[in-house]
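*Asks:*
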Amino acid sequence: MSEDLYQEALVAMAKSGIGAGRLEAPDGTATADNPLCGDRVTVDVRMDGGRVRELAHKTRGCLLTQAAAACVADHVPGMDADDAASLAEAVRRWLAGEGDPPAGLEIMEPVRAVRSRHECVLIAYEALRDALGNAGTSR
Amino acid sequence: MSEDLYQEALVAMAKSGIGAGRLEAPDGTATADNPLCGDRVTVDVRMDGGRVRELAHKTRGCLLTQAAAACVADHVPGMDADDAASLAEAVRRWLAGEGDPPAGLEIMEPVRAVRSRHECVLIAYEALRDALGNAGTSR
Amino acid sequence: MSLAPGRPLRARFPIFAAMSGQPFHYLDNGATGQIVDVAADALLGFETRSRANVKRGVYGLADAATVAFDKARASMAAFLGAGSSEEIVFTSGTTMALNIVAHGLAGELRPGDRIVSSVLEHHSNIVPWQLVAGPAGAVVRAIPATGEGRLDLDALAAMVDERTRIVSVTHVSNVTGAVSDIARIRALAPDAILVVDGAQRAPHGPLDVQAMGCDFYALSSHKMFGPTGAGVLWGRGERLDALPPFLGGGEMIRRVSFDGTSYARPPHRFEAGTPPIGPVLGMAAAARWLMQQDWSAWAAHEKRLGERLLNGLAAIDGVRVHGPQGLQERLGIVAFEVDGVHAHDVCQMLGDRGVCLRGGHHCAQPLMERFDVAATARASLAPYSDADDVDALLQGLPEVIGRLR
Amino acid sequence: MSLAPGRPLRARFPIFAAMSGQPFHYLDNGATGQIVDVAADALLGFETRSRANVKRGVYGLADAATVAFDKARASMAAFLGAGSSEEIVFTSGTTMALNIVAHGLAGELRPGDRIVSSVLEHHSNIVPWQLVAGPAGAVVRAIPATGEGRLDLDALAAMVDERTRIVSVTHVSNVTGAVSDIARIRALAPDAILVVDGAQRAPHGPLDVQAMGCDFYALSSHKMFGPTGAGVLWGRGERLDALPPFLGGGEMIRRVSFDGTSYARPPHRFEAGTPPIGPVLGMAAAARWLMQQDWSAWAAHEKRLGERLLNGLAAIDGVRVHGPQGLQERLGIVAFEVDGVHAHDVCQMLGDRGVCLRGGHHCAQPLMERFDVAATARASLAPYSDADDVDALLQGLPEVIGRLR
Ligand SMILES: Cc1ncc(COP(=O)(O)O)c(C=O)c1O
Ligand SMILES: Cc1ncc(COP(=O)(O)O)c(C=O)c1O
Chain A
396 MSEDLYQEAL
406 VAMAKSGIGA
416 GRLEAPDGTA
426 TADNPLCGDR
436 VTVDVRMDGG
446 RVRELAHKTR
456 GCLLTQAAAA
466 CVADHVPGMD
476 ADDAASLAEA
486 VRRWLAGEGD
496 PPAGLEIMEP
506 VRAVRSRHEC
516 VLIAYEALRD
526 ALGNAGTSR
Chain B
396 MSEDLYQEAL
406 VAMAKSGIGA
416 GRLEAPDGTA
426 TADNPLCGDR
436 VTVDVRMDGG
446 RVRELAHKTR
456 GCLLTQAAAA
466 CVADHVPGMD
476 ADDAASLAEA
486 VRRWLAGEGD
496 PPAGLEIMEP
506 VRAVRSRHEC
516 VLIAYEALRD
526 ALGNAGTSR
Chain C
46 MSLAPGRPLR
56 ARFPIFAAMS
66 GQPFHYLDNG
76 ATGQIVDVAA
86 DALLGFETRS
96 RANVKRGVYG
106 LADAATVAFD
116 KARASMAAFL
126 GAGSSEEIVF
136 TSGTTMALNI
146 VAHGLAGELR
156 PGDRIVSSVL
166 EHHSNIVPWQ
176 LVAGPAGAVV
186 RAIPATGEGR
196 LDLDALAAMV
206 DERTRIVSVT
216 HVSNVTGAVS
226 DIARIRALAP
236 DAILVVDGAQ
246 RAPHGPLDVQ
256 AMGCDFYALS
266 SHKMFGPTGA
276 GVLWGRGERL
286 DALPPFLGGG
296 EMIRRVSFDG
306 TSYARPPHRF
316 EAGTPPIGPV
326 LGMAAAARWL
336 MQQDWSAWAA
346 HEKRLGERLL
356 NGLAAIDGVR
366 VHGPQGLQER
376 LGIVAFEVDG
386 VHAHDVCQML
396 GDRGVCLRGG
406 HHCAQPLMER
416 FDVAATARAS
426 LAPYSDADDV
436 DALLQGLPEV
446 IGRLR
Chain D
46 MSLAPGRPLR
56 ARFPIFAAMS
66 GQPFHYLDNG
76 ATGQIVDVAA
86 DALLGFETRS
96 RANVKRGVYG
106 LADAATVAFD
116 KARASMAAFL
126 GAGSSEEIVF
136 TSGTTMALNI
146 VAHGLAGELR
156 PGDRIVSSVL
166 EHHSNIVPWQ
176 LVAGPAGAVV
186 RAIPATGEGR
196 LDLDALAAMV
206 DERTRIVSVT
216 HVSNVTGAVS
226 DIARIRALAP
236 DAILVVDGAQ
246 RAPHGPLDVQ
256 AMGCDFYALS
266 SHKMFGPTGA
276 GVLWGRGERL
286 DALPPFLGGG
296 EMIRRVSFDG
306 TSYARPPHRF
316 EAGTPPIGPV
326 LGMAAAARWL
336 MQQDWSAWAA
346 HEKRLGERLL
356 NGLAAIDGVR
366 VHGPQGLQER
376 LGIVAFEVDG
386 VHAHDVCQML
396 GDRGVCLRGG
406 HHCAQPLMER
416 FDVAATARAS
426 LAPYSDADDV
436 DALLQGLPEV
446 IGRLR
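Residue numbers (this note's numbering), protein chains in the order written: chain A, 396 to 534; chain B, 396 to 534; chain C, 46 to 450; chain D, 46 to 450.
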């Protein structure tokens, strides 16, 4: 089962480093913790009207968390802010068994079967949602 | 089993009313509760040096509690205060299976087998012990 | 799927096979129900064949335990009619659930604030409020009971004022069986936080806490045919969100440091430490089973038996029932007093005949005082009770009275 | 009576039969132990064949339950080396036990008072103290950890002053396995109330809390091969006598009235509501069984396995153990970090090979910060562990590292 979980595409994504780092003076920033293991993702966003212009993340986490954060950085810039903020709920529902994977998460299909790892994927999206919430006031 | 428990001697003792009532201006007085059922025994004592001169009890309780209170009233007057105060512990130990019954409690032998009724017997002796404790200061 | 109540149902309750061969008339369901087979299986299955701690491990056994625990939460949410699983806090029982609410709300109390409990309450719904009211300078007041052992809601109407912050009442009295009119209480105290003690109601079928209009609801597994050691606190989402943590420990935190600690979201915020996993899984199995039953048939059965019991007791000289006359807005919980014979002695002698009754104050001393009795005997019915049980009580009682009075 | 540790012992633990046919190397005993057969029998026997509520009923089943509950108290007193059964408070686990002490002592705290916890503690022995210190204006300080993950008792010596009211430390670290020198702590803080978290120590054999010199001791059933849902708070007689109640409810009272309530004596004062009867009876059965074992043989076994594990890990490139070097004053709990591979990923992949490890912060975030790691993997041994379990870990780990790094 874990052989599926840790398929090459996922490991590659996790190690890609896409979006790793911090933004200077971001419009919004937020941190999400995984209370189970202490993992943590901080997402910074810079906005452009109602769109996400730039995004960076600082991630301390397992391969799943790293891959999810890279996936956020890969797909979110350019998106409408409300659409991006709604991804957290979409990911939660997808993990719970409903609907299709949000863009980029196809490589995480096998995680759905492992309940204890759902948070690993989710926290990057929660940090994104909360960062957009913060940015909202400065939009 | 209860047929043994409620043998005639016990029922008679419970209904005897020995010592029922209150003393006026006692040297010591104390109340003990049975938290399980709300039963309650109040014991009043009048002392004579180191001895119990007079004793009365006000009892709200089941036949076992009534019989135990009557038994206290029957046997304690005339006793040395320290001996009387130690009865509570002796009764507790006897109920737990150690030693002989304190005077008068022979009729309660079958109670030892019924754990949930031990407090019914004990509280009269606890009220006695505490009443003597109170009287101690005025001895 | 639904079994007929009474004797046929006993096939699902292992105690009856274990006690076969001796007279066994279990009428102490108010104290604890008997466990249903699916609850025992879930409990033992977890403990002996698939045990791992929940919410933490990633290996197969641990992940499966976490999945089962999540499913238990969803089952209890369905049983209670909760808005979401996140509103279900697992506790060790009703008492703990009520303590979590009372201590959690303590910080909101100001001197002179009022908490309204009632004379009908179990001590679990009195003492926690007294414990928190004292230090806060708040006052605990009690809705009086009517002569037949119901909440006196006219009196409540006169009691509620703008200082009334919390109203906490039982859904069903564990002494008189009276069912409280929660909707009316909600209407009488629209601004108060409404807490309902559901310990005695839960064994009588699925609930709809949202329709009821309360803010918190508490129940115990062992009274609803699940294992001992588990219970639920339900809280309306926004109420639970606003409640500070009560117990500290693992699982309830977000981040811990000696510089300052932050807490997890509900329900985890209120679930400190390793939960009673086996009991919780058993409780959820019992709840799922209860949801499959034909509750109109079961309620009719309880009503029939309750009437037989009430009528039978009324016909025995010197027996006085404390509680409502009929079975309207009342469940099959019947407390009675025997002239000149103490409840403990009654229960002891009936116990020899296999009739299991509770005697005492039933953890409801204020109500005992209201009735001016030290103790009563109580018979409480369950869906597996039948007419033989009731008749064993009704036949035994006159003999006991004759022997002891 | 005593069984040889390792494989022979597995006959007594039903999980191994249930998992036979698949690789199963259970090395997560620090999170929860597996249940021993006598504990499962006591639990199921009560729940399905002899269930009644305790401390209240007089009919045969209820009286037998009360007797069994009393016996369980005596067994736990013997296991702990308590002065009397009255010093044993049944709880739902270690977390609840520590909360009862912390909240119970809250009233004694004055602004500026100090509570000393440690960097090694489980969150259960940090957060309750933070919760009570804040409102009282008291301060929680932490004994630092040495580089190898022990309590730095020299630092404690410098920390204790006349404002130090409470010292609360773990007997055995759930991360490093380090055993605390309780006697020395007692000597360093002779006037403080000394609370010991025994959750990780209890599975390693009977205790002598009186000789240890502490005032309170907490443990969990599920870690000592009993059921989930029970635990013990032991308190020295006079300390327990002086402790006010924390949870309100049934069973913990003497007299309840809306004019004022008085409380029962210990241990009942601290046991509000229906206790987790089945879990308690199971825990006591486990404790009696543990007392019959040959603990010198079992400790030697644990030491041998622990050494095999530590040596094996030391030989794997990029693996770093956080904890004391050898097995002196240390139990078989081994946390390690793998360079460049996250603990969750290690545990997930080993889980597929049937190797059950815990990955994460182990509810000990301050210690993780001390070690400057987010998470570690942890292997924790039990008497039924054997060399195969250790070897499965040692063989699997390099493969996992190769795959993920
Ligand atoms: C050292 C230590 N203390 C306390 C606890 C908490 O025990 P429980 O979760 O059973 O309440 C644990 C276990 O998780 C532990 O390892
Ligand atoms: C009405 C009511 N409330 C609360 C309780 C307390 O439940 P538990 O003892 O399971 O915590 C009981 C049962 O004893 C009860 O009947």
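Just so you know, even glycine gets a beta-carbon here, dropped at the ideal spot from N, CA and C.
List the DSSP bridge partners of E449 of chain B.
*Replies:* Looking at the DSSP assignment, E449 of chain B forms a beta bridge with B:R441.
*Asks:* Short of 6 angstroms in beta carbon distance, which residues of its chain neighbour L88 of chain D, apart from the five on each side in sequence? Order them along the chain.
*Replies:* Excluding positions up to five away in sequence, the list reads P272, G323 and G327.
*Asks:* Do L439 of chain D and G357 of chain D come within 8 angstroms of each other at the CB atom, strictly closer than that value?
*Replies:* In contact: G357 of chain D and L439 of chain D (Cβ atoms closer than 8 angstroms).
*Asks:* With a threshold of 8 angstroms between beta carbons, is R534 of chain B in contact with chain D?
*Replies:* Confidence at R534 of chain B is low in this model, with a pLDDT of 46, below 50, so the placement of that residue should be treated as unreliable; the coordinate-derived value is given next. No, R534 of chain B lies away from the interface with chain D (no Cβ there is under 8 angstroms from its Cβ).
*Asks:* Shorter than 8 angstroms from the beta carbon of I60 of chain C to some beta carbon of chain A?
*Replies:* Taking Cβ atoms only, chain A never reaches closer than 8 angstroms to I60 of chain C, which makes this a no.
*Asks:* State the Cα-Cα distance for the pair P173 of chain D and H148 of chain D, rounded to the nearest angstrom.
*Replies:* Distance between the alpha carbons of P173 of chain D and H148 of chain D is about 7 angstroms.
*Asks:* Is there at least one non-hydrogen atom of ligand 1 closer than 7 angstroms to the beta-carbon of N219 of chain D?
*Replies:* Yes.
*Asks:* Using a Cβ-Cβ cut-off of 8 angstroms, state whether V516 of chain B counts as contacting chain D.
*Replies:* So no, V516 of chain B is outside the interface.
*Asks:* Provide the residue(s) that pair with D428 of chain A in DSSP beta bridges, ordered along the chain.
*Replies:* According to DSSP, which records beta bridges pairwise, D428 of chain A is partnered with A:R435.
*Asks:* Please state the DSSP three-state secondary structure of T221 of chain D.
*Replies:* Note: T221 of chain D maps to coil in three-state DSSP.
*Asks:* List the residues of chain A that A107 of chain C touches, going by C-beta distances under 7 angstroms, in chain order.
*Replies:* Under the 7 angstroms cutoff, chain A gives S511.
*Asks:* Hey, how far is the Cα of A223 of chain C from the Cα of R195 of chain C?
*Replies:* So the alpha carbons of these two residues sit roughly 6 angstroms apart.
*Asks:* In chain order, what residues of the same chain have a beta carbon less than 7 angstroms from the beta carbon of R512 of chain B, not counting five sequence neighbours either side?
*Replies:* Hits under 7 angstroms: L459 and V506.
*Asks:* By Cβ distance below 6 angstroms, which residues in the same chain neighbour N144 of chain C in space, the five residues on each side in sequence not counted?
*Replies:* Contacts found: P173.
*Asks:* Would you say N227 of chain C and M204 of chain C are within 8 angstroms of each other, going by their C-beta atoms?
*Replies:* Residue identity differs from the one stated: residue 227 of chain C is Ile in this sequence, not Asn. No, the pair does not count as a contact, with Cβ atoms beyond the cut-off.
*Asks:* Go through its chain and collect everything with a Cβ distance to L355 of chain C's Cβ below 7 angstroms, but skip five positions before and after it.
*Replies:* The answer, listed in chain order, is V366 and V379.
*Asks:* Can you tell me the Cα-Cα spacing of M442 of chain B and A480 of chain B, whole angstroms?
*Replies:* Distance between the alpha carbons of M442 of chain B and A480 of chain B is about 13 angstroms.
*Asks:* What does I298 of chain D touch in chain B if you count any residue whose Cβ is under 9 angstroms from its own?
*Replies:* Residues of chain B passing the Cβ test: P430.
*Asks:* Could you tell me whether the stretch 86-105 of chain D touches the stretch 425-443 of chain D, where touching means 3 or more Cβ pairs closer than 8 angstroms?
*Replies:* Touching, no, given that fewer than three Cβ pairs across the two stretches are closer than 8 angstroms.
*Asks:* Cα-Cα, which of C:A110, C:I188, C:G90 and C:P68 is closest to F303 of chain D?
*Replies:* Ranking C:A110, C:I188, C:G90 and C:P68 by Cα distance to F303 of chain D puts C:I188 first.
*Asks:* Which residues, taken in chain order from the stretch 383-402 of chain C, show a beta carbon closer than 8 angstroms to some beta carbon of chain B?
*Replies:* Correct list: H387, A388, H389, D390, Q393, M394, G396 and D397.
*Asks:* So, at 7 angstroms on beta carbons, what are the nonlocal neighbours of E316 of chain D in its own chain, with the 5 sequence-adjacent residues on each side left out?
*Replies:* Excluding sequence neighbours, E316 of chain D sits near V134, F135, E296 and M297.
*Asks:* For E193 of chain C and P369 of chain C, which I take to be in contact (beta-carbon distance under 8 angstroms), what is that distance rounded to the nearest angstrom?
*Replies:* The pair is a contact, with the Cβ atoms about 5 angstroms apart (cut-off 8 angstroms).
*Asks:* Find the nearest neighbour of D82 of chain C within the set C:P68, C:A97, C:V418 and C:A63, judged by alpha-carbon distance.
*Replies:* Residue C:A63 is the option with its Cα nearest to D82 of chain C.
*Asks:* Can you tell me which residues form a DSSP beta bridge with D431 of chain D?
*Replies:* Answer by DSSP bridge pairing: none, since D431 of chain D is not bridged.
*Asks:* From D:V161, D:D260, D:L442 and D:Y262, pick the residue whose C-alpha is nearest to that of A359 of chain D; which is it?
*Replies:* The candidate whose alpha carbon is nearest that of A359 of chain D is D:L442.
*Asks:* So for Y104 of chain D, helix, strand or coil by DSSP?
*Replies:* Three-state result, Y104 of chain D: coil.
*Asks:* Beta carbon of G404 of chain C, beta carbon of A388 of chain C: below 8 angstroms?
*Replies:* Contact: yes.
*Asks:* Which of helix, strand or coil does DSSP assign to D417 of chain C?
*Replies:* Looking at D417 of chain C - three-state DSSP - the assignment turns out to be coil, as it is neither helix nor strand.
*Asks:* Compile a chain-ordered list of the residues in the stretch 402-429 of chain C whose CB is closer than 8 angstroms to at least one CB of chain B.
*Replies:* From the stretch 402-429 of chain C, only G404, G405, H406, Q410, M413, A419 and A420 have a Cβ closer than 8 angstroms to chain B.
*Asks:* What residues from chain A crowd round G449 of chain D, counting only those whose CB sits closer than 9 angstroms?
*Replies:* Residue identity check: residue 449 of chain D is Leu in the sequence provided, not Gly. Near L449 of chain D (Cβ distances below 9 angstroms), the residues of chain A are Y401, V406 and L458.
*Asks:* Quick one: residues in its chain with C-beta nearer than 7 angstroms to the C-beta of W334 of chain D, no 5 flanking neighbours on either side, listed in chain order?
*Replies:* Closer than 7 angstroms at the Cβ level, and outside the excluded window around W334 of chain D, lie V81 and V83.
*Asks:* Just grab the DSSP bridge partners of T319 of chain D for me.
*Replies:* Beta-bridge pairing links T319 of chain D to no other residue.
*Asks:* Go ahead and label S307 of chain D buried or exposed: buried means 16 or more other beta carbons lie within 10 angstroms of its beta carbon, across all protein chains shown.
*Replies:* Classification of S307 of chain D: exposed, given that the 10 Å Cβ count is below 16.
*Asks:* So which of D:D199, D:H406, D:M413 and D:C392 has the shortest CA-CA distance to I446 of chain D?
*Replies:* Comparing Cα positions, the closest option is D:C392.
*Asks:* Can you round the beta-carbon distance between C408 of chain D and L106 of chain C to whole angstroms, since I take them to be within the 8 angstroms contact cut?
*Replies:* Between L106 of chain C and C408 of chain D the Cβ distance is about 19 angstroms, and since that is not below 8 angstroms, they are no contact.
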